[in-house]
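Have a look at the structure below, then the notes.
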Amino acid sequence: MKVVGISGWSGNGKTTLLVKLIPELTKLGYRVSSLKHAHHNFDVDKPGKDSYRHREAGAEEVMVASAARWALMHENRTEQEPDLNELISHMTPVDILLVEGFKREAFPKIEVWRSDENGPPLHLTDKSIIAVATNNPDVTTKLPILNLDNPSDIAVFIEERFLKPGASHG
3 MKVVGISGWS
13 GNGKTTLLVK
23 LIPELTKLGY
33 RVSSLKHAHH
43 NFDVDKPGKD
53 SYRHREAGAE
63 EVMVASAARW
73 ALMHENRTEQ
83 EPDLNELISH
93 MTPVDILLVE
103 GFKREAFPKI
113 EVWRSDENGP
123 PLHLTDKSII
133 AVATNNPDVT
143 TKLPILNLDN
153 PSDIAVFIEE
163 RFLKPGASHG
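Under the working numbering, the letters of the sequence shown match residues 3 to 172, in that order.
Below you can see the structure in the form of C-alpha cells.
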C-alpha cells in the first residue's frame, strides 16, 4: 500500500484538499483510504450511547457495526499515542492511503502552504516533503509546485509518482 501525506500548518487547507483529492483518485480507478491525525481530546463516541457506556465500563475495544459500516474504538488508557506505522498496520490495504497531519513523521508528504497563513513553509526544514501545493505562484523551491486549486493535477502527480508501474515512490 502506498502512503502519501498531506501536511501543513493548521488552517492551510489540508482537509479541503483531501476531500477534493479523494474523488479525483477514485475517478482514476484507485482504491483510497485516509488516516487523519486528530487532537488528543477528540472523541467519535457520544455520552449515553451503548458503545460509550461499554468504554466507560472498561472495555479496551468496542466495535460498532451495521450493514453500512463498522468502526473500532481502541482506548489508549495505558499506552503511548501510536506512531504512524502502527496505525497503518490496522488499515485494510488499498492502492493509496492519504495521511493528513503527522508532520513530524518522515514519510513522503505534499505540503499545503498558503502565504497568507501563519507559519513558515515546512519544506524548508522537512526533507520528506516531495512537493508543495500552494495558491502562491511566487513560492521559490526546487520541489515541484502544485496548484492547490487544481486537485485533478495533484491526483495525477500522485498517480505518476506512486501508483504507475515504475513510479519513484518518493
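In this text, a Cβ means the ideal position worked out from N, Cα and C, and glycines have one as well.
Predicted model only: the values in this text are computed from it and were never measured.
**Asked** Looking at C-alpha atoms only, which residue of Met93, Lys48 and Ser35 is the closest neighbour of Pro99?
**Response** One detail in the question is off: residue 99 reads as Leu in this sequence, not Pro. Nearest of Met93, Lys48 and Ser35 to Leu99, Cα basis: Ser35.
**Message:** On the CB-based measure, 16 or more other CB atoms within 10 Å of its CB, does Asn87 come out buried or exposed?
**Reply:** Residue environment: Asn87 is assigned as exposed (fewer than 16 neighbouring CB atoms within 10 Å of its CB, all protein chains considered).
**Prompt:** Going straight from the alpha carbon of Ile112 to that of Thr28, what length do you get?
**Reply:** So the two alpha carbons sit approximately 19 Å from each other.
**Asked** According to the neighbour-count rule (16 or more other Cβ atoms, all chains shown, within 10 Å of its Cβ), is Phe44 buried or exposed?
**Response** An exposed status is given to Phe44, since fewer than 16 other beta-carbon atoms sit within 10 Å of its beta-carbon.
**Message:** According to DSSP, is Leu30 part of a helix, a strand, or is it coil?
**Reply:** The answer is coil: DSSP assigns Leu30 none of H, G, I, E or B.
**Of the listed residues Asp97, Val141 and Lys22, nearest to Lys166 (C-alpha basis)** = Minimum Cα distance to Lys166 is reached at Asp97.
**Alpha-carbon to alpha-carbon, Arg106 and Phe164** = Using only the alpha carbons, I get a separation of about 21 Å.
**Asked** For Arg116, which residues from the same chain have a beta carbon less than 6 Å from its beta carbon, with the 5 sequence-adjacent residues on both sides left out?
**Response** If we look at Arg116 and ignore the five residues flanking it on each side, its Cβ neighbours are Asn14 and Asn137.
**Prompt:** Between which two residues does the alpha helix (DSSP H) containing Val158 stretch?
**Reply:** Counting along the chain, the alpha helix (DSSP H) containing Val158 begins and ends at Pro153 to Ile160.
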